[in-house]
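Asker: Residue numbers (full-length UniProt numbering): 1 to 89. Glycine residues also receive a C-beta, built at the ideal position from the N, C-alpha and C atoms. Sending over a structure as structure tokens; questions will come in a sec.
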């Protein structure tokens, strides 16, 4: 992803709320499915990881990106932002 596009997506991400919260149980197929559905609908998704989740944030982010075929936009503390362009219908 080019720098300009990432910068614009970061600005846009500041205006949206978290659409999914990952708790202490981490991620599984249901969570990946929910993230995939959100990406189909909105392209840009902000995810909050609760403090009681002991998984490494970078590992969690990498697993989400690989499983959903999305792109990294930003990570600030416990908030992850990912992007996937909508497929043409």
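Using the C-alpha atoms, what's the distance from residue 50 back to residue 21?
Answerer: When rounded, the distance between both Cα atoms is 7 Å.
Asker: Between which two residues does the alpha helix (DSSP H) harbouring residue 11 extend?
Answerer: Residues 3-14.
Asker: Roughly how many angstroms separate the alpha carbons of residue 54 and residue 27, rounded to a whole number?
Answerer: Straight-line Cα distance between these residues: approximately 12 Å.
Asker: Residues bridged to residue 74 by DSSP?
Answerer: In the DSSP output, where bridge partners are listed per residue, residue 74 has 81.
Asker: Since residue 65 is in the alpha helix (DSSP H), which residue starts that stretch and which ends it?
Answerer: Counting along the chain, the alpha helix (DSSP H) containing residue 65 begins and ends at 57-68.
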